[in-house]
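Enquirer: Positions 790 to 998 (my numbering) are the ones given, in order, by the sequence shown.
From the three backbone atoms N, C-alpha and C, an ideal C-beta is built for every residue, glycine too.
My structure is below; once you've seen it, I'll send some questions.
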Amino acid sequence: MKLNALRWALSALIIFSIHLKTHAQVSVGPEIGFTASGLYNDNDIYAGLNYHGGVTAHFQLTNFLAIRPSLLFKAGDMEIADDYYDEKYSLNRISLPVPIMYSHIFGNNSTLFAGAGPNLMYNISGKYSSAGYTSKIEFGSDTAGQIKRFDIGLQLKGGYQFANGISLSTFFNLGLSNLSNDSYYKLKSMDAFGFSIGWMFGSNSSDYY
790 MKLNALRWAL SALIIFSIHL KTHAQVSVGP EIGFTASGLY NDNDIYAGLN
840 YHGGVTAHFQ LTNFLAIRPS LLFKAGDMEI ADDYYDEKYS LNRISLPVPI
890 MYSHIFGNNS TLFAGAGPNL MYNISGKYSS AGYTSKIEFG SDTAGQIKRF
940 DIGLQLKGGY QFANGISLST FFNLGLSNLS NDSYYKLKSM DAFGFSIGWM
990 FGSNSSDYY
């Protein structure tokens, strides 16, 4: 059911994008970067550097309003921040943030943007390591030992796009879902800091300044 929800979200985004293309200035391009990612519960924090890559679109609706969704693949390790433990989660995830932006276009055709919106995440695969032992993470919603695949969160994002299409952005992701099936144990995700560089191609936004 969670996978179907992600498919519905992707389908809705594609249909919405086609509709927007007839009413907005549109640019699309690749995006890569890194995040200081983590998983946390009531007692421990697992943190590490993750990397992401994918595609971003920018829909300039008016001279100040835009939507800037991304479809990203994220991978990396998150280790417990404690010298007495040797535990690590390694996750491969898909992230679909859809932030609504205040987007200011300057006379030289560069753009300053900032905003917030939902972030849909889906855990594809993963491994758990502890004291030299490694096992695959079991995903699902049936037993307490499993981790949920689907995660809904909030993204805050801001950045600057140069006139030549090069864009620099930073973001913060907060997972709102409890990934644990155990009602007495909470496990949530967070990207404390993220940085991306992209190269956008498409419609000239100068019509809006």
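Does the structure place the segment 954-962 close enough to the segment 972-980 that three or more beta carbon pairs sit under 8 Å?
Expert: yes
Enquirer: Measuring alpha carbon to alpha carbon, tell me which of S879, L854 and T851 ends up nearest L828.
Expert: S879
Enquirer: By the 10 Å Cβ neighbour count, where 16 or more other Cβ atoms means buried, how is T932 classified, buried or exposed?
Expert: Exposed, because fewer than 16 other Cβ atoms sit within 10 Å of the Cβ of T932.
Enquirer: Using the C-alpha atoms, what's the distance from T824 back to F939?
Expert: 19 Å
Enquirer: In the DSSP output, which residue or residues are listed as bridge partners for I834?
Expert: Y829
Enquirer: Could you pull out every unbroken beta strand (DSSP E) segment of at least 3 residues lying fully inside the segment 934-982, listed in chain order?
Expert: 939-950 and 955-964
Enquirer: Taking buried to mean at least 16 other C-beta atoms within 10 Å of its own C-beta, is N819 buried or exposed?
Expert: Residue identity differs from the one stated: residue 819 is Pro in this sequence, not Asn. Exposed is the call here.
Enquirer: Helix, strand or coil: which one does DSSP assign to V755?
Expert: For residue 755 there is no data in the structure shown, the boundaries of the chain being 790 and 998.
Enquirer: With a cut-off of 8 Å, do at least 3 Cβ pairs link the segment 893-909 to the segment 838-857?
Expert: The segment 893-909 is in contact with the segment 838-857.
Enquirer: What whole-angstrom Cβ distance do M867 and G842 have, given they're in contact under 8 Å?
Expert: Between G842 and M867 the Cβ distance is about 18 Å, and since that is not below 8 Å, they are no contact.
Enquirer: Quick one, which of V815, M989, I821 and G929 has its alpha-carbon nearest A864's?
Expert: I821
Enquirer: When you compare only the Cα positions, how much space is there between K810 and L976?
Expert: Residue confidence for K810 is low, a pLDDT of 49 falling below 50, so the modelled location carries little weight and cannot support an answer.
Enquirer: To which residues of the same chain is N839 closer than 6 Å at the C-beta, ignoring the five residues directly before and after it?
Expert: T824, S826, K863 and G865
Enquirer: Within this structure, are the beta carbons of V787 and G954 separated by less than 7 Å?
Expert: For the chain, the structure presents residues 790 to 998; residue 787 sits outside this window and is missing.
Enquirer: Evaluate A920 with the Cβ neighbour count: other Cβ atoms within 10 Å of its Cβ, from every protein chain shown; 16 or more gives buried, anything less gives exposed.
Expert: exposed
Enquirer: Within 10 angstroms of the Cβ of N900, are there 16 or more other Cβ atoms? Answer buried if so, exposed if not.
Expert: A quick correction: the sequence has Thr, not Asn, at residue 900. When all chains shown are included, T900 counts as buried.
Enquirer: Less than 6 Å separating the Cβ of K916 from some heavy atom of the ligand MN?
Expert: This structure lacks the ligand MN, and indeed carries no ligand of any kind.
Enquirer: Tell me the residue span of the beta strand (DSSP E) that contains E868.
Expert: S859 to I869
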